[in-house]
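To keep things clear, I will list the structure first and then write my remarks on it.
Number of protein chains: 2
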Amino acid sequence: MSAVPSLRHLLLLRPRLRFIALSTSSSPFLSYAPSHHFSPSSLRVLSSSSSPTLTQEEADEAVGKGSSLIDVNPPRGTRDFPPDDMRLRNWLFQNFREISRILSFEEVDFPVLESEALFIRKAGEEITQQLYNFEDKGGRRVVLRPEITPSLARLVIKQGKSVSLPLKWFTIGQCWRYERMTRGRRREHYQWNMDIFGVSKVRGEAELIQAIVLLFERLGINSSDVGIRVSSRKVLQAVLQMYAIPDNLFTQVCVIVDKLGKITREEIEKELLSLGVSIQAVNGIIEVLSLKSLSKLEEVLGSEEEAVSELKKLFSLAESYGYADWICFDASVVRGLAYYTGIVFEAFDREGKLRAICGGGRYDRLLSTFGSEDIPACGFGFGDAVIVELLKDKGLLPDLAHRVDDIVFPLDEVLDGTASRIASSLRKKGRSVDLVEDKRLKWVFKHAERIGASRLILVGNSEWERGAVRVKNLSTREEFEVKIDELV
Amino acid sequence: MSAVPSLRHLLLLRPRLRFIALSTSSSPFLSYAPSHHFSPSSLRVLSSSSSPTLTQEEADEAVGKGSSLIDVNPPRGTRDFPPDDMRLRNWLFQNFREISRILSFEEVDFPVLESEALFIRKAGEEITQQLYNFEDKGGRRVVLRPEITPSLARLVIKQGKSVSLPLKWFTIGQCWRYERMTRGRRREHYQWNMDIFGVSKVRGEAELIQAIVLLFERLGINSSDVGIRVSSRKVLQAVLQMYAIPDNLFTQVCVIVDKLGKITREEIEKELLSLGVSIQAVNGIIEVLSLKSLSKLEEVLGSEEEAVSELKKLFSLAESYGYADWICFDASVVRGLAYYTGIVFEAFDREGKLRAICGGGRYDRLLSTFGSEDIPACGFGFGDAVIVELLKDKGLLPDLAHRVDDIVFPLDEVLDGTASRIASSLRKKGRSVDLVEDKRLKWVFKHAERIGASRLILVGNSEWERGAVRVKNLSTREEFEVKIDELV
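The listed protein sequences derive, respectively, from chains A and B.
The first sequence maps to residues 1 to 488 in UniProt numbering.
The second sequence maps to residues 1 to 488 in UniProt numbering.
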């Protein structure tokens, strides 16, 4: 028992903070084409802070002795959230939650890993071509969800009669897509979804758009910064009917024309022609999609047309809600997801620098594709990336520094029990307390600044003998001696 | 344009809420052996509510017409979170966050998908034998993380000099494990982790244990319900030295003896013997591990022994913090993770009905296994399942019903604009408002009860002509006519 073995030596090695060399190569500031309700958008990372990252070479060199450092980066196209980034994410999510509460939506969640079957659709959507899918050890096809709506629909079916319609649910979750990495694309993002099941009228869409507008207003964004383009897939449907194009091509046509502006008109034409759409119809479709005025649309389709009457109703409701200045009709909005059936919308920055901030629409026939009875539904997805880019551009990112109420610092090792007692007592009062030991006072002051501490509580021998501590108010620089029992 | 095509017919089909047959087979109330810092524990699902679930057969029958329903359940061993379950989860996480704030920890997060390399350890841990791992389309080995500590360590290395030590981080995230499904085991759970890097003294562990105790107290649990067993791996290390067992067997021995009480003593013996440990040493190890008193341990190992002095210091700090009645020495606590090096602890229910509630310890040598320089560190993982079981047993689950401030209900369709205006105005004041249309008043009252609404605002023609609405206080049943402009 008296022998000191080599293992003991190892344990006694208390390494100091002597760190490996760092490069300043920036963290992956990547854009990302988001998934649910999104047309491919260049979303950039949520955070503004870029952390210094080691290259493998530098790391190997720094560590030396041949032991090679693991890859310190998260998987390609994914993000870590160090404290600064996490505070920003929490702040954003808190705003999502608050708006959802105000609209009286209930929060739900689903596993990030889902059955692949839920996302198999054959309309040629980008989202289903970039599934982050696997076979698990049991031979099941599984997928890191690219969007949340199918899980929502699954749960609605599963809950069946136990839920009462209308049902208003929101969720905030991570979505994934696997794509060959071109420079600066991300493979995951977080998405806020609000969905309504059981409301067939455009009241559903009107409520969703109010939620989006209330969020923007809450974040300090106004209608001169951002607009919301609105159209309806029923516009396209009416045009297809004009040209006697079979109903079963509707979804594919939608997915193709959604690419207008992203690929050339010639490519769109080619894809539509190969589907069997006549060149006259192609021209007709593209012409109608260029309309930016509801009255013009009414001229073309007639006022009896459901697309027209629903859009008019939505714009009239927008007046009542008080957000008419945020929305505009734009027939070119189709959205890339296969399952939309009616009103579709997307928020955009008026400077035109960013891709869609969020997008959504009506999907009245999704449940039947899962073998269940349809329930009218609408919803939107709102990613965590473009909005942060916009807030950054507008100087609207909040100051979210770390804040701590008290630092308790014993000036002598023998006072560590007293320091524990004081920290414990303050914590039980709900104060956030950092207990610091084995540092110089100079370090403690620097640390206090770094963590935004309000007070420094110095536990020293002479004060302790009087049953007291020294309390320094770090904003006013005032210092008092306070009885331990009277500390609040 | 006047033709009404068949697709249009489809669109006009507004399905009513007529739902498929439901069974009452309960949702998967499963146990789960959690991962990070956990010895295998039977964690049950977070929520108490079991939702009715369709069997595939019933679903097929109900849907009829040969179109078969998708599997409405989430992947085997995973959970959906319908609103009730989500409220409970949010409430629990909110408590995790509040305690973390009080202890002045900062929140961080990591991708749920990590490189497999981060979790490859060869000590025979259960956790690394049940990796939910895949090969992605780029041929990379990836894994749904089974625990969070390795990601934390990776980020600490990556951040390098940009962080100042000590560093106190917490995170709440989902962890996964893939195991052949025996009845009632779950494949995912959420875990609260608190970790400290850069504190070599047992002050680190003392702080972590205070966090756990403060959480229990906040949840209404007291020290007669729950205790925290504490030991140190240095106890085992000292015993190995007594028997001159090579240092390189330390980790494997720890992982094996952690199974004491889970598998038979004979099996433990067999595993240790096959490692090359003598039968005398096996007996000595098992004898020491049965000690439940620190003074007894001191007799056996001597007071000079680091294991003893550190444990004594921890118990003395516990007195100062005021949580001594929560903790007890128990040499049998070893914990199942390979990387622990010093103090280890786990919380347990004193009735002995549940498995470990949380677990943690010191891991001073994890960073060097990743090729970096070591930093002393300690942390714990606290799952979302056993704690909920315990709260349920003790009747401590909170009432978390849905709450809404106002329901706005237009009694006539022509008043939907007015209703929008009123709802919008109340929402801008921060009130949560549910806007209901196309329902009978009787339904609205039932609905108000269901969602816990405080007020019902009836928008009727005669009041509207006077610029007013009828407001019904749903708790007092009082009714007033209120001018729209004066509504708050």
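Every residue, glycine too, gets a C-beta built ideally from N, C-alpha and C.
Simplified DSSP assignment, three categories, for residue i
i: Phe-105 of chain A; result: coil
i: Ile-196 of chain A; result: strand
i: Gly-381 of chain A; result: strand
i: Ser-231 of chain B; result: strand
i: Ile-457 of chain A; result: strand
i: Pro-410 of chain A; result: strand
i: Gln-191 of chain A; result: strand
i: Arg-466 of chain B; result: coil
i: Lys-392 of chain A; result: helix
i: residue 503 of chain B; result: In the structure as shown, chain B begins at 1 and stops at 488. Residue 503 of chain B is therefore absent and cannot be evaluated.
i: Lys-296 of chain B; result: helix
i: Asp-364 of chain B; result: coil
i: Arg-218 of chain A; result: helix
i: Glu-147 of chain A; result: coil
i: Val-433 of chain A; result: strand
i: Glu-58 of chain B; result: With a pLDDT of 48 at Glu-58 of chain B, under the threshold of 50, the modelled position of this residue cannot be trusted; read the value that follows with caution. Glu-58 of chain B: helix per DSSP, three-state reduction.
i: Ser-100 of chain B; result: helix
i: Glu-481 of chain B; result: strand
Residue i classed as buried or exposed, judged by whether at least 16 other C-beta atoms fall within 10 angstroms
i: Ser-42 of chain B; result: Low confidence applies here, because Ser-42 of chain B scores a pLDDT of 30, under 50, leaving its location unreliable; read the following figure in that light. By the 10 Å Cβ count, Ser-42 of chain B comes out buried.
i: Gln-174 of chain B; result: buried
i: Gln-56 of chain A; result: With a pLDDT of only 47 at Gln-56 of chain A, under 50, the local geometry of the prediction cannot be trusted, and the value read off the model is given with reservation. The residue is exposed, with fewer than 16 neighbouring Cβ atoms inside 10 Å.
i: Glu-486 of chain B; result: exposed
i: Thr-171 of chain B; result: buried
i: Gly-467 of chain B; result: exposed
i: Leu-297 of chain B; result: buried
i: Arg-87 of chain A; result: buried
i: Glu-107 of chain B; result: buried
i: Gly-359 of chain A; result: buried
i: Glu-479 of chain A; result: exposed
i: Gln-94 of chain A; result: exposed
i: Gly-77 of chain B; result: buried
i: Ile-279 of chain B; result: exposed
Where residue i meets chain B, residues with beta-carbon distance less than 8 Å
i: Phe-134 of chain A; result: Phe-134, Glu-135 and Asp-136
i: Val-108 of chain A; result: Asp-80, Phe-81, Pro-82, Pro-83 and Met-86
i: Glu-114 of chain A; result: Pro-74 and Pro-75
Of the residues the options, the one placed nearest residue i, counting alpha carbons only
i: Ser-475 of chain B; options: B:Ile-102, B:Ser-454, B:Lys-259 and B:Gly-383; result: B:Ser-454
i: Ser-68 of chain B; options: A:Asp-85, A:Gly-139, A:Ala-153 and A:Thr-369; result: A:Thr-369
i: Gln-210 of chain B; options: B:Val-408, B:Tyr-321, B:Ala-331 and B:Tyr-339; result: B:Tyr-321
i: Arg-427 of chain B; options: A:Pro-398, A:Leu-214 and A:Leu-165; result: A:Leu-214
i: Asp-136 of chain A; options: A:Leu-144, A:Ser-278 and A:Asp-109; result: A:Leu-144
i: Val-230 of chain A; options: A:Gly-342, A:Asn-90, A:Pro-83 and A:Asn-133; result: A:Gly-342
i: Phe-110 of chain B; options: A:His-189, A:Gly-124, A:Arg-185 and A:Asn-473; result: A:His-189
i: Glu-305 of chain B; options: B:Glu-287, B:Ser-290 and B:Met-242; result: B:Met-242
i: Gly-198 of chain B; options: B:Lys-353, B:Lys-161, B:Asp-330 and B:Arg-185; result: B:Lys-161
i: Arg-218 of chain B; options: B:Leu-396, B:Arg-440, B:Gly-430 and B:Leu-435; result: B:Leu-396
i: Arg-97 of chain B; options: B:Trp-464, B:Pro-246, B:Ser-425 and B:Phe-382; result: B:Phe-382
i: Val-300 of chain A; options: A:Ala-238, A:Ser-316 and A:Asp-71; result: A:Ala-238
i: Asn-133 of chain A; options: A:Pro-398, A:Leu-165, A:Val-142 and A:Arg-450; result: A:Val-142
i: Asp-393 of chain B; options: B:Arg-365, B:Asp-225 and B:Arg-187; result: B:Asp-225
i: Ile-451 of chain A; options: A:Asp-434, A:Leu-314, A:Ile-221 and A:Val-344; result: A:Asp-434
CB contact flag (residue i, residue j, <7 Å)
i: Asn-73 of chain A; j: Gly-379 of chain A; result: no
i: Gln-371 of chain B; j: Arg-335 of chain B; result: Inspection of the sequence shows that residue 371 of chain B is occupied by Gly rather than by Gln. Cβ atoms of Gly-371 of chain B and Arg-335 of chain B: not closer than 7 Å.
i: Asp-195 of chain A; j: Trp-169 of chain A; result: yes
i: Leu-415 of chain B; j: Val-459 of chain B; result: yes
i: Val-404 of chain B; j: Ala-419 of chain B; result: no
i: Arg-477 of chain A; j: Glu-437 of chain B; result: no
Contacts that residue i makes with chain B (C-beta to C-beta distance below 7 Å)
i: Leu-314 of chain A; result: Chain B residues near Leu-314 of chain A: none, gap ~11 Å exceeds 7 Å.
i: Ser-432 of chain A; result: Arg-101, Ile-102 and Ser-104
Partner residues on chain A for residue i, Cβ-Cβ distance less than 8 Å
i: Val-334 of chain B; result: Those do not exist, as Val-334 of chain B stays about 16 Å from chain A at its closest Cβ, beyond 8 Å.
i: Gln-252 of chain B; result: Residues of chain A passing the Cβ test: none, with the nearest at roughly 13 Å.
i: Gly-417 of chain B; result: Ser-316, Leu-317, Glu-319 and Ser-320
Chain-ordered chain A contacts of residue i [CB-CB under 7 Å]
i: Phe-370 of chain B; result: Leu-69 and Ile-70
i: Leu-155 of chain B; result: Asp-80 and Pro-82
Under 9 Å from the C-beta of residue i: neighbouring residues of chain A
i: His-402 of chain B; result: Ser-104 and Glu-106
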